[in-house]
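2 protein chains.
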Amino acid sequence: MKETWSFLDTFEPNFRPLVVIELAKGTKKETIEWFTKRIVDKKADGGAQLLIKPLVTENGDENIYLVGASHLRLLLGAETVGLVKECNDNSMRSFTYSSRKTFKDFADDNHNFLTMSECQYIVKHELENLRARDEKMIPGYPQAKLYPGKSIVRRLLTNGILLQIFPLHDREELKKLRHTWYGRVKIGYQPLDEIRSYFGETIALYFGFLEYFTFALIPMAIIGIPYYVFAWEDYDKYVMFATFNLLWSTVILEVWKRICAVMTYRWGTLLMKRQFEEPRPGFHGALGVNPVTGREEPVYSSIKRQLRIYLVSVPFVCLCLYFSLYVMMIYFDLEQWALDYHEEDKSTFSSLMLYVPSIIYAVVIEIMNRIYRYAAEFLTSWENHRLESSYQNHLVLKVLVFNFLNCFASLFYIAFVLFDMKLLRQSLATLLITSQILNQFAESLLPYWLQKRHVKKMKKHIHSPKTDMDLSLVEQINLEKEMCTYFGTFDDYLELFLQFGYVSLFSCVYPLAAVFAVLNNVTEIYSDALKMCRVYKRPFAEPTANIGVWQLAFETMSVISVVTNCILIGMSPQVNALFPDSKMDLVLTVALVEHLLLAIKFVMAFVIPDKPREIQIKLAKLEFESLEALKQQQMKLAAESLKE
Amino acid sequence: MKETWSFLDTFEPNFRPLVVIELAKGTKKETIEWFTKRIVDKKADGGAQLLIKPLVTENGDENIYLVGASHLRLLLGAETVGLVKECNDNSMRSFTYSSRKTFKDFADDNHNFLTMSECQYIVKHELENLRARDEKMIPGYPQAKLYPGKSIVRRLLTNGILLQIFPLHDREELKKLRHTWYGRVKIGYQPLDEIRSYFGETIALYFGFLEYFTFALIPMAIIGIPYYVFAWEDYDKYVMFATFNLLWSTVILEVWKRICAVMTYRWGTLLMKRQFEEPRPGFHGALGVNPVTGREEPVYSSIKRQLRIYLVSVPFVCLCLYFSLYVMMIYFDLEQWALDYHEEDKSTFSSLMLYVPSIIYAVVIEIMNRIYRYAAEFLTSWENHRLESSYQNHLVLKVLVFNFLNCFASLFYIAFVLFDMKLLRQSLATLLITSQILNQFAESLLPYWLQKRHVKKMKKHIHSPKTDMDLSLVEQINLEKEMCTYFGTFDDYLELFLQFGYVSLFSCVYPLAAVFAVLNNVTEIYSDALKMCRVYKRPFAEPTANIGVWQLAFETMSVISVVTNCILIGMSPQVNALFPDSKMDLVLTVALVEHLLLAIKFVMAFVIPDKPREIQIKLAKLEFESLEALKQQQMKLAAESLKE
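Chains as they are written, first to last, in this note's numbering: chain A, 2 to 645; chain B, 2 to 645.
Put into structure tokens, the structure is as follows:
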């Protein structure tokens with residue numbers, strides 16, 4: 002092992018580029034020198050002890066750097082980030098360098114022990130944790146202040162000196178993954194383990210959830226089809242469908258937790274210890290002392306933040322909700338107008354026109370959702386949350402409330418104010434299908450097409466008709482750095498969440514919704530896979546043990562759907578006919594049934610264990626081992642002390 | 002420090018008796034010798050390394066032994082059980098012997114660093130963890146099988162060789178505690194910290210909860226009084242009371258979690274790590290291999306247990322519930338009979354007679370509850386649960402379901418079937434007051450009186466009119482070993498839980514219930530304190546961080562009370578008068594209000610943090626420190642590895 006590593010030392014034979022750093026053009030020389038020195042400096046001197054190499058492009062620009070790391074460095078980094086790997090005895094344990102020999106597939110010369118995405122995650126972690134020591138500012142940029150402990154990379158990013166950091170694609174691996182994932186038409190599961198080792202746990206878990214959810218919808222879809230085919234209108238059948246639906250949705254959400262535990266145990270993230278959360282990049286404030294760490298860092302008064310939330314964000318969200326309701330009323334006017342038009346002139350054209358308001362409204366809803374999303378991001382960022390998790394929670398809450406109202410308000414209005422079941426069914430179908438088509442288009446196909454055009458232009462530019470595989474590293478990086486950045490699974494989950502709403506909230510009126518959801522999800526898997534592999538830069542892997550706040554969101558939706566379905570059934574003429582004498586009895590019965598269903602749901606959620614027995618035993622075993630080790634250590638200590 | 006300690010070595014000047022062991026009379030000599038040798042044997046030889054001394058009584062019996070431990074041994078034991086103590090910098094940390102100097106009030110000659118109850122807890126833990134090595138049976142008792150790792154004390158207990166193990170009272174401390182606790186009539190808080198250091202956290206937490214709950218009921222009681230005094234019957238006022246009540250009960254349960262966190266942080270139990278749970282004493286099965294520990298120990302098939310639960314326990318509970326409902330119907334017959342009697346003969350006697358059925362029913366309910374309690378214990382024990390926690394959960398569930406129905410079924414019947422608000426109020430009052438009187442009598446006063454009589458008899462027997470303080474150790478132990486054993490806080494919490502039901506389920510009909518509850522609880526504090534100090538043997542301290550399953554039970558009750566109160570208000574003639582035209586509107590409004598209240602409750606429970614900010618920061622600080630320490634260690638290791 003060499004003692005020193007300079008950034009000019011580009012001839013290291015084992016250098017494997019993992020991460021690309023793009024600096025702004027015209028970054029001062031002294032800044033570059035200082036930054037690269039910090040990256041290659043030894044750990045003991047406060048550096049990251051990584052390898053770095055400039056990418057010399059044809060026109061001689063030197064603003065792109067490739068970062069790698071020695072094999073040993075990566076193994077030590079794996080211990081720092083707390084990676085959990087499989088041992089020789091098939092149990093999962095936190096990797097430590099000293100116990101490396103006990104891990105499965107470990108060999109000193111096996112450079113594939115860590116997957117490429119794990120290596121990239123380690124490099125990213127090390128880069129982000131490269132902290133200022135006694136520097137007061139970034140050399141060459143006096144306005145970019147530093148204080149001891151501040152992450153250098155984050156400061157460079159917020160000051161625009163560092164444009165982006167992204168992990169490199171592995172063309173060969175990607176090709177293999179594409180082939181097994183969506184390269185051939187087949188019925189079967191997705192290669193989740195491969196997706197996980199290429200894209201990381203968060204994305205693999207999203208695809209796992211998407212697949213699971215699609216399979217879970219199939220029974221609902223199958224039961225729903227005869228309702229459409231035979232035009233069943235018996236409400237006892239609808240009641241059965243709705244009851245099945247409600248209990249089913251509880252079961253699938255509980256079972257998901259178990260499946261998720263099995264998967265993340267296999268991937269090691271279930272056992273990964275939470276790291277201490279650093280302030281998020283955008284957080285700013287006056288320099289003060291953090292009460293937890295005792296370090297000097299920006300602090301921002303929690304009262305100020307509360308004021309911003311309650312005096313600005315909450316009123317703004319309310320205003321948006323009001324606006325959304327206002328748009329809804331316009332839609333109803335349009336709907337009325339189309340109906341009148343159809344009454345006057347019963348042509349094919351006019352009966353097609355009946356669907357137009359719904360379609361326009363669906364498009365407007367999608368547009369409003371997207372605009373609101375930006376506003377919510379801006380506001381939440383302005384609220385200046387210290388932690389990424391708190392930022393995410395506030396953002397998710399804002400977005401969910403608005404999207405829920407925006408998408409479902411008109412349906413609630415039709416169902417519980419207008420009592421028009423026919424219109425409800427029609428609206429539901431139009432909204433669901435239009436939003437699905439729009440989403441697929443806006444999310445995957447449009448970016449894919451843009452990306453394809455861009456690649457073509459690039460290839461023309463470099464005047465050489467090569468296939469993807471023959472591209473040189475320089476060309477590959479030039480292509481990848483222009484690709485869109487994938488901002489996480491938020492939008493994908495949101496889409497599923499709204500779909501779940503369409504399927505479950507009014508399921509007893511429109512059993513066919515599940516069929517459309519299944520069809521959409523099957524193509525969604527393909528288009529999302531395409532998007533991940535072709536359209537976006539490779540994202541950094543993000544270890545995670547569950548789908549987080551979305552579990553709660555889906556569970557809340559399933560509680561709300563109990564209420565709506567019970568009311569819908571209670572309102573149906575068929576059920577009304579069962580209580581000819583007393584409407585009171587009807588309402589009381591419906592209320593009783595609703596409470597019973599809710600109680601059953603809660604009991605089921607309580608009774609079904611979140612982790613399968615097998616995983617529970619494995620976790621208990623690990624806990625027992627660590628307690629035993631601690632006890633042994635204490636016993637030894639005690640024996641020594643008592644001998645004194 | 003002496004190298005060896007024999008059980009005959011009774012002249013150790015520092016020997017302070019902590020725990021009393023009573024063996025069966027006529028226990029074989031070889032058994033006693035083996036057992037005491039194992040207790041004094043060194044840790045390295047598999048012993049407990051404690052001190053033991055026989056108690057020679059007047060008649061020369063030698064079946065009582067006193068167990069103590071050296072100061073050093075106790076400190077090492079404190080580390081083993083994971084005690085958390087306050088440091089010099091006011092933070093709470095797990096005690097370790099090597100860092101002992103950093104703890105507040107620690108000095109090598111300060112024998113009060115650990116409280117007596119902590120020392121007794123440590124001794125108990127060490128005794129229970131005294132495990133068999135290669136013994137196949139208890140010497141002298143071939144039928145008492147042992148296997149490696151089996152707790153010796155538990156085997157001795159189940160075979161009746163060991164009669165009991167209990168901690169000694171500290172007469173002087175107890176007198177001080179009694180004085181500050183209930184010795185003088187005063188308005189003020191209980192000395193919870195003193196209670197905790199004498200009786201341990203579980204009991205202190207019960208008294209803390211009792212006190213908190215009483216204070217929390219005072220606003221409800223104060224608002225309730227004018228309803229009685231001015232005989233308010235306006236339902237708008239009742240609606241206000243009920244709404245306040247429902248939100249209030251959510252708030253108090255959430256705030257309790259915070260108060261509990263503050264207390265247990267101060268006591269150190271909030272930070273205490275969970276120990277690995279050993280099988281409970283009564284657990285039996287064929288010898289097999291535990292999948293978690295890999296040790297040989299009894300295993301019992303989970304399917305057999307499920308069969309016992311579903312084929313025996315569940316039907317039995319259902320039968321009991323049916324029986325309870327049957328008794329209820331008899332009560333209503335009696336009630337009807339009393340009413341008829343009163344109609345015929347309107348005398349003072351007959352109007353008093355109106356209360357008799359309720360009183361009889363209340364007494365019968367109490368008796369049934371107590372009998373059922375034994376049956377539930379027997380059944381749950383027969384279900385053969387491996388862990389104490391799982392045993393407790395099944396027992397609590399069984400008891401709660403039955404007690405809930407037994408106590409409240411008649412009230413539900415009166416309210417929602419008979420619609421008789423006057424009878425409901427009368428029944429509620431009679432049930433509440435009768436059960437309170439019965440409980441106070443059966444729980445504290447009767448045992449106290451029995452105990453007093455017993456002490457008198459004992460004192461007469463030893464022919465010397467001494468006060469408590471002058472009793473010799475022998476006399477003290479002889480007195481204490483005959484005292485009743487305190488079986489934990491289960492019954493006390495259950496009583497509070499049922500009281501909470503009486504107060505909240507029908508609060509809008511009988512606002513005075515809170516007043517009676519407050520009055521009862523004030524005396525309850527005194528009688529429970531009396532019971533703990535005078536009637537029962539000192540219990541072993543039991544570290545705990547919260548009130549466990551009772552929090553969930555109280556929260557469930559407060560959810561149910563939202564439903565009952567909304568229905569009651571909806572049924573009232575005054576609210577009915579608001580909707581003269583349409584009963585439907587009334588029911589829908591009530592249902593809407595109920596759902597809103599439930600939603601508000603859940604949002605409140607979600608929004609109010611379970612721990613105060615200050616405690617959160619302290620916990621985050623500790624976590625940060627331990628993560629930093631780990632990182633430092635890894636960095637050091639990494640630096641060394643990279644230098645190689």
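Glycine included, each C-beta is placed from N, C-alpha and C at the ideal position.
All values derive from a computational prediction rather than experimental measurement.
Alpha-carbon to alpha-carbon, residue j and residue i
i	j	result
GLY571 (chain A)	LEU406 (chain B)	30 Å
SER445 (chain B)	SER250 (chain A)	50 Å
GLU278 (chain B)	LYS305 (chain B)	22 Å
MET329 (chain A)	SER314 (chain B)	56 Å
SER505 (chain A)	THR294 (chain A)	46 Å
TYR527 (chain A)	TYR183 (chain A)	6 Å
CYS509 (chain B)	TYR228 (chain B)	10 Å
GLN50 (chain B)	ASN111 (chain B)	21 Å
ILE204 (chain A)	GLU127 (chain A)	22 Å
HIS386 (chain B)	LYS612 (chain A)	20 Å
Proximal residues of chain E, C-beta to C-beta of residue i below 8 Å
i	result
TYR122 (chain B)	Of the protein chains in this structure, namely A and B, none is chain E.
Cβ-heavy atom distance, residue i to the ligand PLP, below 7 Å
i	result
LEU353 (chain A)	The ligand PLP is absent from the structure shown, which contains no ligand whatsoever.
Coarse secondary structure for residue i, derived from DSSP in three states
i	result
ALA145 (chain B)	strand
TYR66 (chain A)	strand
LYS44 (chain A)	helix
MET354 (chain A)	helix
LYS30 (chain A)	helix
GLY289 (chain B)	strand
TYR537 (chain A)	strand
ILE139 (chain A)	strand
LYS619 (chain B)	helix
PRO220 (chain A)	helix
ARG426 (chain B)	helix
LEU495 (chain A)	helix
LYS632 (chain B)	helix
ILE53 (chain B)	strand
PHE104 (chain B)	strand
MET558 (chain A)	helix
MET273 (chain A)	coil
Close Cβ partners of residue i (< 6 Å) along its chain, the five nearest in sequence each way excluded
i	result
PHE107 (chain A)	ARG101 and PHE114
LEU513 (chain A)	GLY225 and TYR229
Contacting residues, own chain, Cβ-Cβ under 8 Å from residue i (five flanking each side not counted)
i	result
GLY48 (chain A)	LYS38, ARG39, ILE40, VAL41, ASP42 and LEU131
GLU481 (chain A)	VAL21, PHE167, LEU169, HIS170, LYS538 and ARG539
GLN1 (chain A)	The question about residue 1 (chain A) has no answer here: the residues shown for chain A are numbered 2 through 645.
Own chain residues within Cβ distance below 7 Å of residue i, not counting five before or after
i	result
MET470 (chain B)	Summary for MET470 (chain B): the model assigns pLDDT 48, below 50, so the residue's position carries little reliability; its value from the coordinates is reported in the next sentence. The answer, listed in chain order, is ARG172.
ARG17 (chain B)	GLY69
VAL564 (chain A)	GLU595
ASP421 (chain A)	ILE415
Beta-ladder partner(s) of residue i, from DSSP
i	result
GLU174 (chain A)	Note: GLU174 (chain A) sits in no beta bridge, so no partner.
CYS319 (chain A)	Per DSSP, none; premise fails for CYS319 (chain A).
VAL20 (chain B)	B:VAL68 and B:PRO168
SER508 (chain B)	DSSP, once it has assigned bridges, lists no residue as partnering SER508 (chain B).
ARG132 (chain A)	A:SER152
Residues of the region 283-295 of chain B with Cβ closer than 7 Å to any Cβ of chain A, in chain order:
PRO292, VAL293 and THR294
Proximal residues, the region 601-628 of chain B versus chain A, C-beta separation under 8 Å
ILE618, ALA621, LYS622, GLU624, PHE625 and LEU628
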